[in-house]
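Engineer: First the structure, then my questions, so here it is.
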Amino acid sequence: MKVAIVQKDLKNLRSGVSRLVRSELEALDEVGHESFLISEKVKPIAYSHTSAQVRKTFRWPFKGAIRRRFFKWQTEYWLGRIAPDVSIAHGDIASADVCFIHNCVHFEHELIHGVPLPSDNDVGALHTEVLTKQQFQVLVCNSELMKQDLVQRFHIRDKHIEVLYPSCDPDNVTRPERDIRAELGMTGADLVIGLITSGNFKKRNVQLFLEASAQLRSEQRLHIVVAGNGKASEFQNLLEQHPHTVHFLPSTDCVADYYAMLDVFVLPAFIEEFGMSALEAMTCSKPVVLHNMVGASEILEGESVSFSISGLDQQVWTNALQALCDDAGLRKRLGAQNAETAKKYTASQQNKKFLELISRFQENS
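Residue numbers (this note's numbering): 230 to 594.
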């Protein structure tokens, strides 16, 4: 069976989407399918350990809708040449058989800014095209949160949309290469609370995280960590008044280094269609505190469900974090529960579901 995967940007493994594509290629290899990867910005780290055949597109030099159309035209050319049995896209083109959507751009803009997304927004226009034309056979989204919004907003028939939670390969997040605690001057007795993301600090609500953590009190020395692509200077006033040591760290391909450092993971995002970083933290046996508008909050179990927070009231978030600061036993129990839950969403488990989805096209061919 010949399978082509389309993803515009695969220059590193710092986003959940790039790690998902890598996992899909690995799954296709396991069952002997012939795989092709069509991408504009692609580096070997995304595919070199698989048998994927790469077809690289040219990048239009100027920003705007023409750049996406140029990528679309080249993709359609390569799909014609490859003639795959099934084509898979991650939101960049409208005509794939299986279309993965990873962002609710309209919903996100409404939640953060309180007004509809402008009609001339490039990503919004692309999503509108994909979701109104509905040329796909199956639309795959990352959570029930996403599914509900897309069904209501674009009137997608239930039989054409599925939820497939992203996966996490424990080997990729539990083997740190560096001791970040030591590098930052932390001791084993210090308490480290962090928000790890690929970027977009506005969406992930770093502001609320800093405000809530500033109210924490502990006999242990507290370190507050924000990791991802973003500027600390945006929060200068908060940082000058923050009573605890705050570290802003860059994105990294070895996220295991960051998770190993943490005692508590926090994600108060306005909306997160899933939140790979939350699942990765759970895999590393970390307690997580998530906004209930984070898709990963849907998979929490047991005592951890109490740390899916409704709303963005700063005092409520402070109270939840304070409870974890005060109780090492609670942190340990939640971490153990989360690690057990995460076993249901390993790459091995979720790849089986991905391959079941692909096999439908083989049966119908």
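Backbone N, C-alpha and C fix where the C-beta goes; we use that ideal spot for every residue, glycine too.
Would you report the Cα separation of I330 and E532, rounded to the nearest angstrom?
Structural biologist: Counting from 1 along the sequence shown, the entry for residue 330 is found at position 101. Counting from 1 along the sequence shown, the entry for residue 532 is found at position 303. If you take the alpha carbons of I330 and E532, they lie about 31 angstroms apart.
Engineer: Pairs of beta-carbons, one from the segment 383 to 394 and one from the segment 368 to 375, closer than 8 angstroms: are there three or more?
Structural biologist: yes
Engineer: For the 8 angstroms Cβ check, are there 3 or more pairs between the segment 339 to 355 and the segment 270 to 280?
Structural biologist: No: the two stretches stay apart, fewer than three of their Cβ pairs being nearer than 8 angstroms.
Engineer: Quickly, what does DSSP pair D238 with across the bridge? List them, please.
Structural biologist: Residue numbering aside, residue 238 sits at position 9 when the sequence shown is read from its first letter. Per DSSP, K270.
Engineer: Suppose contacts are defined by Cβ-Cβ distances below 8 angstroms. Is A323 in contact with K285 by that definition?
Structural biologist: In the sequence shown, residue 323 corresponds to position 94, counting from 1. In the sequence shown, residue 285 corresponds to position 56, counting from 1. No; because the gap between Cβ atoms is not below 8 angstroms, this pair is not in contact.
Engineer: For a minimum of 4 consecutive residues, which ranges assigned as the alpha helix (DSSP H) are wholly contained in the segment 535 to 568?
Structural biologist: 543 to 555
Engineer: Where do the N-terminal and C-terminal ends of the beta strand (DSSP E) with S316 fall, by residue?
Structural biologist: To locate residue 316, count along the sequence shown from 1; it is residue 87. Residues 315 to 318.
Engineer: Using a Cβ-Cβ cut-off of 6 angstroms (strictly less than) and excluding sequence neighbours within five positions of D378, which residues of its own chain qualify?
Structural biologist: Here residue 378 refers to the residue found at position 149 when the sequence shown is read from its first residue. Counting only Cβ-Cβ distances below 6 angstroms, and skipping sequence neighbours, we find C333, F336.
Engineer: Determine the extent of the alpha helix (DSSP H) in which R198 is found, giving its start and end residues.
Structural biologist: Given a span of 230 to 594 for the chain in the structure shown, any question on residue 198 remains unanswerable.
Engineer: Starting from the C-beta of E358, find all residues in its chain whose C-beta is less than 7 angstroms away, skip the five residues before and the five after it, and write them out in chain order.
Structural biologist: Counting from 1 along the sequence shown, the entry for residue 358 is found at position 129. Excluding sequence neighbours, E358 sits near A323.
Engineer: Which partner residues does N466 have in the DSSP bridge list?
Structural biologist: As a first step, residue 466 is located in the sequence shown; it is residue number 237 there, counting from the start. N466 is not bridged to any residue.
Engineer: Got a sec, what are the start and stop residues for the beta strand (DSSP E) Q366 sits in?
Structural biologist: Against the sequence shown, residue 366 aligns to sequence position 137. Going by DSSP, Q366 is part of no beta strand (DSSP E) at all; its letter is neither H nor E.
Engineer: Could you have a look at F477 and say whether DSSP puts it in helix, strand or coil?
Structural biologist: Against the sequence shown, residue 477 aligns to sequence position 248. F477: strand per DSSP, three-state reduction.
Engineer: May I have the straight-line CA-CA distance separating A489 from E509, to the nearest angstrom?
Structural biologist: In the sequence shown, counting from the first residue as 1, residue 489 sits at position 260. In the sequence shown, counting from the first residue as 1, residue 509 sits at position 280. Each residue's alpha carbon lies about 11 angstroms from the other.
Engineer: Per DSSP, which one or two residues make a beta bridge with L257?
Structural biologist: Here residue 257 is taken as the residue at index 28 of the sequence shown, counted from 1. For L257, which the question treats as bridged, DSSP gives no partner whatsoever.
Engineer: In the structure shown, what three-state DSSP assignment does L529 receive?
Structural biologist: Working through the sequence shown from its first residue, we reach residue 529 at position 300. For L529, the three-state secondary structure derived from DSSP is coil.
Engineer: Buried or exposed for Q470, going by 16 or more other Cβ atoms inside 10 Å?
Structural biologist: Translated into the one-based positions of the sequence shown, residue 470 becomes position 241. For Q470, the number of other beta carbons within 10 angstroms of its own is below 16, and it is reported as exposed.
Engineer: Comparing C-alpha positions only, which one of I425, F499, F438, E339 sits nearest to N458?
Structural biologist: To locate residue 458, count along the sequence shown from 1; it is residue 229. Measuring from the Cα of N458, the nearest candidate turns out to be I425.
Engineer: Looking only at its chain, what residues have a beta carbon closer than 8 angstroms to the beta carbon of P313, apart from the 5 residues adjacent to it on each side?
Structural biologist: Reading the sequence shown from its first residue, position 84 is the one you call residue 313. Counting only Cβ-Cβ distances below 8 angstroms, and skipping sequence neighbours, we find K231, V232, A233, F265.
Engineer: In the structure shown, what three-state DSSP assignment does T426 receive?
Structural biologist: Position 197 of the sequence shown, counting from 1, holds the residue named residue 426. Correct three-state label for T426: strand.
Engineer: Pull the bridge partners of V392 from the DSSP assignment, please.
Structural biologist: The residue you call residue 392 lines up with position 163 of the sequence shown. According to DSSP, V392 bridges with C370.
Engineer: What span of residues does the alpha helix (DSSP H) with L439 cover, start to end?
Structural biologist: Counted from its first residue, the sequence shown places residue 439 at position 210. Where L439 is concerned, the enclosing alpha helix (DSSP H) stretches over 435 to 442.
Engineer: Just curious, the alpha helix (DSSP H) that H278 is in, first and last residue?
Structural biologist: As a working note, residue 278 is residue 49 in the sequence shown. Where H278 is concerned, there is no enclosing alpha helix (DSSP H), given that its DSSP letter is neither H nor E.
Engineer: Between A441 and the rest of its own chain, which residues show a CB-CB distance below 7 angstroms, the 5 nearest in sequence each way excluded?
Structural biologist: Position 212 of the sequence shown, counted from the start, is the residue given in the question as residue 441. Contacts found: Q543, W546, T547, L550.
Engineer: Could you tell me which residues DSSP pairs with A233 in its beta bridges?
Structural biologist: Within the sequence shown, numbered from 1, the residue matching residue 233 stands at position 4. A233 pairs with F265, S316.
Engineer: Tell me which residue opens and which closes the beta strand (DSSP E) that L519 is part of.
Structural biologist: Taking the first residue of the sequence shown as position 1, residue 519 is located at position 290. Looking at the DSSP string, the run of the beta strand (DSSP E) that includes L519 is 517 to 520.
Engineer: Taking C-beta to C-beta, are H520 and L496 nearer than 8 angstroms?
Structural biologist: Here residue 520 refers to the residue found at position 291 when the sequence shown is read from its first residue. Here residue 496 refers to the residue found at position 267 when the sequence shown is read from its first residue. For H520 and L496, yes; Cβs fall inside 8 angstroms.
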